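Data block below; observations after.
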Amino acid sequence: MADKPVVVVGAGPAGLCAAIELKKAGAPVVLLDENDKPGGQLFKQIHKFFGSREHKAGTRGFDIGTGLLDESLRLGIDVRLKTEVVGVDPGLRVWAVEDRGRSYLLEASRLVIATGATENALSFPGWTLPGVMTAGCAQTLVNVYRVLPGKRVLIIGSGNVGVIVGYQLMQAGAEVVGVVEAAPTLGGYGVHTAKLARAGVPFHVRTTVARAEGGESLERATIVGLDDSFKPLPGTERTLEVDTICLAVGLTPSVELPSLAGCATTYVPELGGRMPLHDEYMRSSVEEVYVVGDTAGVEEASTAMEEGRLAGIHAAWSLGYLDDAAMEAGAAETRRRLDALRQGVFGKKRFDAKSRVLEESHNR
Ligand SMILES: Cc1cc2nc3c(=O)[nH]c(=O)nc-3n(C[C@H](O)[C@H](O)[C@H](O)COP(=O)(O)OP(=O)(O)OC[C@H]3O[C@@H](n4cnc5c(N)ncnc54)[C@H](O)[C@@H]3O)c2cc1C
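Under this note's numbering, the first residue of the sequence shown carries the number 18, and numbering increases by one thereafter.
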């Protein structure tokens with residue numbers, strides 16, 4: 018049994034689920050998050066999830082978040098908000114800064130890193146003008162702070178984040194003047210893309226943004242067609258009157274803390290790029306450090322929750338809070354749900370990519 022707590026960094030869906038499993042098993046756990054509210058990205062997600070009932074199909078992201086928060090409160094988890102972790106080391110020491118003031122050191126028996134992902138940017142002439150922002154920024158403004166970032170919006174990137182945020186901006190009263198996609202085909206799930214298509218939003222494939230222009234802030238964007246080598250096609254430029262550009266061009270796992278902890282990383286384009294290696298229990302190359310959720314490869318909130326549970330169950334077992342049978346049964350059930358989530362055209366790609374990560378981790 019542990020005299021030090023398990024420290025979970027990041028109270029998004031992955032970190033919350035890890036902390037819940039640990040606490041349920043009886044392990045001491047401290048959950049840290051820099052935000053003033055736990056839940057990570059979930060509280061921005063006002064749409065209903067889909068899939069099967071056991072994956073919360075039909076439930077809105079913020080309701081899933083509220084359920085996890087209620088459970089963590091009921092269990093009495095020590096959740097410390099407005100607490101940024103600025104450093105960790107391979108000796109499992111964690112440096113935390115509370116409310117941008119007091120800093121302190123925590124010594125952990127196990128560390129679970131669930132710090133999510135960072136949105137990618139795209140640079141083009143005019144990209145620093147006010148009005149050009151990431152899709153996640155627009156989603157935070159509209160769904161968390163109830164502020165509409167603009168009235169005429171151009172979305173760059175047709176993946177799920179782009180089309181979901183586009184639809185939510187429309188619901189809040191903005192006009193989406195188009196979705197621009199550099200690839201020859203659209204990237205998001207049909208169910209989300211169709212909502213914008215039905216509303217008459219034009220989709221431009223093999224197209225990118227050439228420049229943004231304006232005075233004090235964004236006033237117009239010029240888009241341009243691309244050839245097979247993604248080079249701009251002369252004579253295809255079109256200028257659109259817009260006050261907002263949302264960049265939805267992918268997410269990259271946040272690997273800063275795993276790197277400081279000494280975790281080995283690998284490069285997996287399908288999961289967002291550089292990410293920490295991990296085994297089938299979400300254990301990194303440093304045995305006492307677990308990586309879960311988007312940090313361990315960008316997927317979805319549902320997979321993040323299952324990975325969190327898996328790490329929580331295994332970490333509790335490794336400290337003697339669960340016996341072998343309980344750990345194996347819990348892990349098998351969680352993996353069954355994870356496998357079910359990684360099916361279909363998009364899921365299969367992630368399943369194959371995760372399998373390569375496990376293989377690389379075992380071959381080290
Ligand atoms: C804009 C956007 C839209 C999305 N839309 C959907 C969607 O519609 N459906 C879906 O299934 N998935 C969606 N996703 C993906 C989904 O939200 C993520 O896969 C899921 O939230 C990942 O969970 P997580 O717990 O790994 O990370 P997050 O939810 O990102 O949580 C990470 C937490 O870590 C905290 N943190 C980070 N660094 C530190 C630090 N140093 N110290 C302390 N705390 C820290 C953050 O404050 C945050 O609360 C979206 C993602 C983004 C960015």
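Every residue, glycine too, gets a C-beta built ideally from N, C-alpha and C.
None of the values given here were measured: they were computed from a predicted structure.
Compute the distance between the beta-carbons of Gly195 and Leu171, then report whether it is under 8 Å. Locating residue 195 in the sequence shown gives position 178, where the first residue counts as 1. Locating residue 171 in the sequence shown gives position 154, where the first residue counts as 1. In contact: Gly195 and Leu171 (Cβ atoms closer than 8 Å).
Give the secondary structure of Pro249 by DSSP, where H, G and I count as helix, E and B as strand, and everything else as coil. As a position in the sequence shown, residue 249 is number 232, starting the count at 1. DSSP, read as helix, strand or coil, puts Pro249 in strand.
Out of Gln156, Phe60, Leu268 and Phe247, which has the shortest C-alpha to C-alpha gap to Ala227? On the sequence shown, residue 227 is found 210 positions in, with the first residue counted as 1. Out of Gln156, Phe60, Leu268 and Phe247, Phe247 has the C-alpha closest to the C-alpha of Ala227.
Figure out for me which residue from Arg373, Ser319 and Glu324 has the closest Cα to the Cα of Tyr298. Locating residue 298 in the sequence shown gives position 281, where the first residue counts as 1. Comparing Cα positions, the closest option is Glu324.
Beta-bridge partners of Pro293, as assigned by DSSP: Position 276 of the sequence shown, counted from the start, is the residue given in the question as residue 293. Thr282.
By alpha-carbon positions, which one of Ile37, Thr261, Gly179 and Pro275 ends up nearest to Ser89? Here residue 89 refers to the residue found at position 72 of the sequence shown. Checked all of Ile37, Thr261, Gly179 and Pro275; the closest Cα to Ser89 is Ile37.
Cβ contact (3+ pairs, closer than 8 Å) linking the stretch 147 to 166 and the stretch 257 to 267: The stretch 147 to 166, when compared against the stretch 257 to 267, does touch it at the 8 Å Cβ threshold.
What residue range does the alpha helix (DSSP H) around Met322 cover? On the sequence shown, position 305 is the one that residue 322 refers to. It spans Ala318 to Ser335 - the alpha helix (DSSP H) in which Met322 sits, taken as one unbroken run.
Nearer than 7 Å: is that true of the beta carbon of Ser319 relative to any heavy atom of ligand 1? Numbered from 1 along the sequence shown, position 302 holds the residue referred to as residue 319. In this structure, Ser319 has its CB closer than 7 Å to one or more heavy atoms of ligand 1.
Where the alpha helix (DSSP H) through Arg352 begins and ends: Counting from one through the sequence shown, the residue named residue 352 turns up at place 335. Looking at the DSSP string, the run of the alpha helix (DSSP H) that includes Arg352 is Asp341 to Leu358.
Once DSSP output is grouped into helix, strand and coil, what is the label at Val374? Counting from one through the sequence shown, the residue named residue 374 turns up at place 357. The answer is helix: DSSP assigns Val374 an H, G or I state.
Alpha carbons only, please: which of Ala134, Val159, Pro30 and Asp116 is nearest the one belonging to Asp87? For the purposes of this step, residue 87 is taken as residue 70 along the sequence shown, with counting starting at 1. Closest by alpha carbon: Pro30.
I'd like the list of long-range same chain contacts for Met187, defined as Cβ closer than 7 Å, with 5 residues on each side in sequence excluded. Here residue 187 is taken as the residue at index 170 of the sequence shown, counted from 1. In chain order, Val193 and Ala216 place their CB closer than 7 Å to the CB of Met187, counting only its own chain and leaving out the 5 sequence neighbours on each side.
Please list, in chain order, all residues of the same chain as Met322 whose beta carbon is under 6 Å from its beta carbon, the five residues on each side excluded. Position 305 of the sequence shown, counted from the first residue, corresponds to residue 322. Hits under 6 Å: Pro30 and Cys34.
Assumed close pair Arg381, Ser302 - CB separation to whole angstroms, cut-off 8 Å: Within the sequence shown, the letter at position 364 stands for residue 381. Within the sequence shown, the letter at position 285 stands for residue 302. Their Cβ separation, rounded to whole angstroms, is 6 Å, which keeps Arg381 and Ser302 in contact under 8 Å.
Ligand 1 heavy atom lying under 7 Å from the CB of Glu124: Position 107 of the sequence shown, counted from the start, is the residue given in the question as residue 124. No, Cβ of Glu124 sits at least 7 Å from all heavy atoms of ligand 1.
Within 8 Å, strictly: CB atoms of Glu377 and Leu250: Within the sequence shown, residue 377 is the residue found at index 360, counting from 1. Within the sequence shown, residue 250 is the residue found at index 233, counting from 1. Not closer than 8 Å, so no.
Of the residues Ser335, Arg359, Leu375 and Glu233, which one's Cα is nearest the Cα of Ala42? On the sequence shown, residue 42 is found 25 positions in, with the first residue counted as 1. Here the closest residue by C-alpha is Ser335.
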